[in-house]
Amino acid sequence: MECVDDCPRNSLDVYVFGKKIKKQTFVWLVVGLFFGVLLIVIWTPLWKTKPASNIVNEQ
């Protein structure tokens, strides 16, 4: 990104937990987080779980 008009240069810096990081590192963190969450969602079989049944078999 480039500054337009009179924006301060440090407004374009990226900080994670108070530490300045490179923009490329930030992009990799975001991509890694996205795919990490995607893998967790894929491997968590939420659609295969069945709710607890309240039907009692009286046989």
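Under the numbering used here, think of the first position of the sequence shown as 232, with each following residue one higher. Note that CB positions come from ideal geometry on N, CA and C, so glycine has one too. Quick caveat, the model's predicted, so the values are computed rather than measured.
The straight-line gap separating the alpha-carbon atoms of Y246 and I252 is approximately 6 angstroms.
For the pair V258 and C238, the Cα-to-Cα distance works out to about 22 angstroms.
I252: not part of any alpha helix (DSSP H); member of the beta strand (DSSP E) spanning K250 to I252, first to last residue. Looking at the DSSP output, V247 shares a beta bridge with K250.
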